[in-house]
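Student: Residue numbers (this note's numbering), protein chains in the order written: chain A, 1 to 44; chain B, 1 to 241; chain C, 1 to 253.
For each residue, glycine too, the CB sits at the ideal point set by N, CA and C.
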Amino acid sequence: MHWEFVIPGYLIVFGSLATYVVLLLGRIRAMAQRVPENKRSFLE
Amino acid sequence: MGRAGLLADAALIFKKDLRIERSSKVVTVQVLPFAVMTLILFGFGISPDARVLLGSEESRTVLAQVTPGLIFIAVLFSALLALGRSFGVESSDGTLDGLRLAGLDPAGIFLGKAAAVMVQLAMVSAVVTGGAFLLFSVDVGWSPSRAVLLVTTVGAATTGIAAAGTLYGALAAGLRVRDTLVPLLVIPVLAPVLLGAGQAADAALFGAVADGWPWVGALALFALVYVGVGILSFESLLEDA
Amino acid sequence: MSALTNTLVGPSSSKVSRVVGIMAIIATVFMLLLALVWSPPEIDQADAVRLFYVHVPSAVIALYVAFTITLIGSIQYLRKRSVFWDLLAHASTEIGVLFCALVLVTGMLWGKPTWGVYWQWDPRLTSTTVTFVLYTGYLAIRRMDLDPAVRSKRAAILGIVSFANLIIVRYSVEWWRSIHQSATFGLDTQLDDLMLFTVFWAVVTFLLIFTWLLIHRFRLAWFEHQASTSSLDDAIAARRAERSHPPLAGESV
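1) May I ask you to verify whether the segment 161-175 of chain B touches the segment 72-84 of chain B, counting CB pairs closer than 8 Å and requiring at least 3?
2) Whole-angstrom Cβ separation of residue 242/B and residue 40/B, contact assumed at under 8 Å?
3) DSSP on residue 173/B, reduced to helix/strand/coil?
4) Pull out every residue of the segment 38-49 of chain C whose Cβ sits closer than 8 Å to any Cβ of chain A, in chain order.
5) Any C-beta of chain C sitting closer than 8 Å to the C-beta of residue 22/A?
6) Please list the partners that residue 216/C has in chain A, where partner means a Cβ-to-Cβ separation under 9 Å.
7) Using a beta-carbon distance cut-off of less than 7 Å, what residues from the segment 69-80 of chain C approach chain B?
8) Roughly how many angstroms lie between the CA atoms of residue 99/C and residue 22/C, to the nearest whole one?
9) Is residue 94/C closer than 8 Å to residue 158/C when the C-beta atoms are compared?
10) Using a threshold of 8 Å, state whether the C-beta atoms of residue 150/C and residue 53/C are closer than that.
11) Would the segment 64-73 of chain C and the segment 81-93 of chain C be scored as touching if the rule is three or more Cβ pairs under 8 Å?
12) Looking at the structure shown, is residue 124/C part of a helix, part of a strand, or coil, going by DSSP?
13) Tell me the DSSP secondary structure of residue 54/B in three-state form.
14) What's the C-alpha gap between residue 177/B and residue 137/C?
15) With a cut-off of 8 Å on the beta carbons, I'd call residue 31/A and residue 227/C a contact; round off their distance for me.
16) Taking the alpha-carbon of residue 203/C as reference, which of 24/C, 19/C, 14/C and 17/C has the nearest alpha-carbon?
17) Taking all protein chains shown into account, decide if residue 148/C is buried (16 or more other Cβ within 10 angstroms of its Cβ) or exposed.
18) Give me, in chain order, the residues of the same chain whose beta-carbon lies closer than 7 Å to that of residue 160/C; leave out the 5 immediate sequence neighbours on both sides.
19) Check the Cβ of residue 236/B against every Cβ in chain C and list those closer than 8 Å, keeping chain order.
20) For residue 21/B, collect the residues of the same chain with a Cβ closer than 6 Å to its Cβ; drop the 5 residues on either side in sequence, then sort them by chain order.
21) Using 8 Å for Cβ pairs, my map puts residue 212/C next to residue 20/C. What's the rounded Cβ distance?
22) How would you call residue 39/A, buried or exposed, if buried means at least 16 neighbouring beta carbons within 10 angstroms?
23) Can you check whether the C-beta of residue 168/C is within less than 8 Å of a C-beta belonging to chain B?
24) Of all Cβ atoms in chain C, is any one closer than 8 Å to the Cβ of residue 196/B?
Here you go:
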């Protein structure tokens, strides 16, 4: 009972997280291009 | 800088802001009519004829019933305009920098500006409260204890709004989007003030007076916290405004 | 601190984040089985209780973990003026706001079958909504076109004050609602051992997901910081080097 609320809930939660991950990785990849190789590491 | 210097600087800024207001009359001629108009709009939005039943025979108009909340919503919206004005007069010619160059204590600048906003808001609150009583036909069995609670509530609420608002106004100072950013920042912060002031005013108008005082205590605590935070943080905020 | 920075973005970063990522995926699969298949429905709420297993961990992550990291990062930035803490606070807030939104959506979806309405002015949902807007304001400040040092300082002050606000909002809303005697979300829920374990496992899973997201959001913030601060000359030199010949390993560009 109440699966009609449970399933959309799980779809929204994991769908949002997956979308965020994809967008995040895309942004990281795009940004990395603009940073010279020797400056990408956090430690000097 | 000593405490005398702080208070003297605060008084200087306070007088400056009120003098600007006396000559420009922006709050009096623009914010105040806006606040009154808000009350009229509440009347349009909430049918003036709708009534709530109190027990079996008594009833009260919905507008009168929700007056405590409406008063502070109107004050909150007016406060946003007053805050915009308070920082508008500073950012136009880089006067915040000028004030710092003049050697004024940043904490004093904060206290002075907050006090000026508070006085203007208290004036707006008085008009809004009176207007709400008049327009919404609020019938209250007045007693001195009710009046004292209501006045204290307005005082504590406006102090909290002015202190928090001045702090957040400074956070957004010098930004092109200040006018839209300040409401976003400040409304969630002031939500507890609206809650507390609404409850306290409700107790003052319709409920048991004793139920209102704990909320006034919470409002006072809120005001105290923000006055403290403002005093502590204004120096680093102004360094680069 | 170097161990910590090493974990977040260091030479070993990709290895660490990959391990965290794989652990998060495995934990998620296990969590979904526990939450949707293995655990029983609750007596009163039936299967709606399954929304708990995503709602509770989202709330734990957003309100207790993410915004606490924002607070710590903000304090540390004001004390040390180090880029690390500044970027960490920013990264953590963005993910916290995302989880905050998930708390609200799952809370409302739980409310409809349980209360009969999506929104019932539940104290925790209400204060979470205000908190959500509060930290949206923090993210708005971070987007402002300001001198980076000025922006970081203002954001740090905001990060500290916002946390104080989170507490004020929470207590005042709870006090306000306590007058009206409303049942708080899940207070009277009966959970057996397997359900409690599912909640626990879900929190662990979400912590892993949060850690992975934080590492990557931090990496993005770091790249943005590097891109804006590395001088134009460097960039031009790098482009030229790329064009004339592919840079050799170990060659200084």
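Tutor: By the coordinates alone:
1) Taking one beta carbon from each stretch, the segment 161-175 of chain B and the segment 72-84 of chain B have 3 or more pairs nearer than 8 Å; the two touch.
2) Residue 242/B lies beyond the stretch modelled for chain B, which goes from 1 to 241, so this question has no answer here.
3) Look at residue 173/B here: in three-state DSSP terms it is coil, with no helix or strand label.
4) The residues in question are 41, 45, 46, 47 and 48.
5) No, its Cβ sits nowhere closer than 8 Å to a Cβ of chain C.
6) Those are 21, 24, 25 and 28, listed as they occur along chain A.
7) Of all residues in the segment 69-80 of chain C, none has a Cβ within less than 7 Å of some Cβ in chain B.
8) Cα to Cα, residue 99/C sits roughly 21 Å from residue 22/C.
9) For the 8 Å CB-CB criterion, residue 158/C and residue 94/C do not form a contact.
10) Inclusion of residue 150/C and residue 53/C in the CB contact set at 8 Å is not warranted, their separation being larger than that value.
11) In short, these stretches touch, since the Cβ pair count reaches three.
12) In the structure shown, residue 124/C sits in a helix (DSSP, three-state: H, G or I).
13) Assigned with DSSP and collapsed to three states, residue 54/B falls in strand.
14) If you take the alpha carbons of residue 177/B and residue 137/C, they lie about 12 Å apart.
15) Between residue 227/C and residue 31/A the Cβ distance is about 6 Å, and since that is below 8 Å, they are a contact.
16) Considering only alpha carbons, the answer is 24/C.
17) It counts as exposed.
18) Around residue 160/C, the same chain offers 71, 74 and 75 as residues with beta carbons nearer than 7 Å, after the five sequence neighbours per side are excluded.
19) Within 8 Å Cβ-Cβ: 78, 153 and 157.
20) For residue 21/B, same chain residues with a beta-carbon under 6 Å away, outside a window of 5 residues either side, are 27 in chain order.
21) That pair is a contact at about 5 Å.
22) Counting Cβ neighbours within 10 Å, residue 39/A comes out buried, since at least 16 surround it.
23) Chain B, which has a Cβ nearer than 8 Å to the Cβ of residue 168/C, makes this yes.
24) With 8 Å as the cut-off, residue 196/B counts as an interface residue toward chain C.
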